[in-house]
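All remarks here apply to the structure that follows.
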Amino acid sequence: MSCYLKLRHFEGPLDLLVQLVVKAETDIQEISLSQITAQYLAYLAGLPELDIDQASEFVQLAATLLEIKARRVLPHPVRLREEEAELDLEEEEDTSSSGEGRVTHLAEYRKFKALAAVLRNREEAWGKVYTRPAPESLSKGHLRSLPSGAISVSALVEALQQVLLGLEENEPVLEVSREEITLVKQMEHIIQRLESDLNPVSFEALFSGIRTRERLIITFLALLELIRLQRIQVTQQETLGPIFIELRLN
Numbered sequence: 018m019s020c021y022l023k024l025r026h027f028e029g030p031l032d033l034l035v036q037l038v039v040k041a042e043t044d045i046q047e048i049s050l051s052q053i054t055a056q057y058l059a060y061l062a063g064l065p066e067l068d069i070d071q072a073s074e075f076v077q078l079a080a081t082l083l084e085i086k087a088r089r090v091l092p093h094p095v096r097l098r099e100e101e102a103e104l105d106l107e108e109e110e111d112t113s114s115s116g117e118g119r120v121t122h123l124a125e126y127r128k129f130k131a132l133a134a135v136l137r138n139r140e141e142a143w144g145k146v147y148t149r150p151a152p153e154s155l156s157k158g159h160l161r162s163l164p165s166g167a168i169s170v171s172a173l174v175e176a177l178q179q180v181l182l183g184l185e186e187n188e189p190v191l192e193v194s195r196e197e198i199t200l201v202k203q204m205e206h207i208i209q210r211l212e213s214d215l216n217p218v219s220f221e222a223l224f225s226g227i228r229t230r231e232r233l234i235i236t237f238l239a240l241l242e243l244i245r246l247q248r249i250q251v252t253q254q255e256t257l258g259p260i261f262i263e264l265r266l267n
């Protein structure tokens, strides 16, 4: 069973929400990505074990919504003009179709363009991240120093919730930053952090220094994606104990 969302302006599965946003039938500005993530994490906590395929699908759909919302919030006049020109060209080529057909065609165009951008960024990211081997300090013996058992979903979710609570209590009033925060960049950041540390990095340490909810959520999504790709492993030595993250050897 997939995650069923209950938001202020939408109720239903996430993939349906993405379709409605792409077709401009739902305003992305009225959709809270943090609420979507919170509800999805609650859904994960109720699962007996982590479903990697579902987590991956969520990452892709959430990244699509994030990209669309970013285009609405941040000014990119040149890029927008280029895309509008492409859409105008598509509409001119479809003049022989009915009005409904043109709407469907353009909606599908926007949908696959957004999804293609996400996948393209991921491909480019791995091309950059894995151009060199892991440091010698990260030996096979070192990477196996912790238990190999999978961490429970509820423990991972609870750890994120604790970080969120700490962020809400200490979050300062900041000006809106135009720095681009993407899933790809955070995946690179996690890998670089793990490569530079001699020891496994704790969950709290990985998220320390993050001061915005947006960056925190994207970092967590990046963590899930790296788990899916089997580039990292997340372990817990004992119940309620600290959670550690480390590179995983193929």
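Residue numbering for the sequence shown follows the working numbering, beginning at 18 and increasing consecutively. In this text, a Cβ means the ideal position worked out from N, Cα and C, and glycines have one as well.
query: Contact under 8 Å by Cβ, R43 with L50; result: Residue 43 is actually Thr in this sequence, not Arg. No. Outside cutoff.
query: Distance, Q253 Cα to H206 Cα; result: 22 Å
query: Own chain residues within Cβ distance below 7 Å of Q52, not counting five before or after; result: L24
query: Three-state secondary structure assigned by DSSP to E42; result: coil
query: Sequence-distant residues of the same chain with beta carbon closer than 8 Å to I48, five excluded per side; result: L24, H26, F27, L34, V38, L82, K86
query: 8 Å contact criterion, which L243 and A79 should meet: CB distance rounded; result: No, L243 and A79 are not in contact; Cβ-Cβ is about 15 Å, not under 8 Å.
query: Distance, C20 Cα to L61 Cα; result: 9 Å
query: Limits of the beta strand (DSSP E) - the one that L269 falls within; result: There is simply no residue 269 to check, as the chain begins at 18 and stops at 267 in what is shown.
query: DSSP state of T199 mapped onto helix, strand, coil; result: coil
query: Nearest to M269 (by Cα), restricted to the options Q46, L266, Q247, P259; result: Lying outside 18 to 267, the shown extent of the chain, residue 269 is not represented and no answer is given.
query: Closest by C-alpha distance to L257, when choosing among Q179, L22, A55, G29; result: Q179
query: Residue from L177, E255, T199 whose Cα sits closest to the Cα of T54; result: L177
query: N- and C-terminal bounds of the beta strand (DSSP E) containing F261; result: 260-264
query: DSSP three-state assignment for E255, whether helix, strand or coil; result: coil
query: Three-state class that DSSP yields for L24 in the structure shown; result: coil
query: Span separating the alpha-carbon of T236 from that of L200; result: 7 Å
query: Nearest candidate by alpha-carbon position, reference T229, set Q77, Q56, I198, Q36; result: I198
query: Given L22 as reference, the closest of E74, P259, Q56, F75 once Cα atoms are compared; result: Q56
query: Close Cβ partners of P259 (< 8 Å) along its chain, the five nearest in sequence each way excluded; result: S219, F220, E221, Q253
query: Beta-carbon separation (whole angstroms), L264 vs E212, contact threshold 8 Å; result: 7 Å
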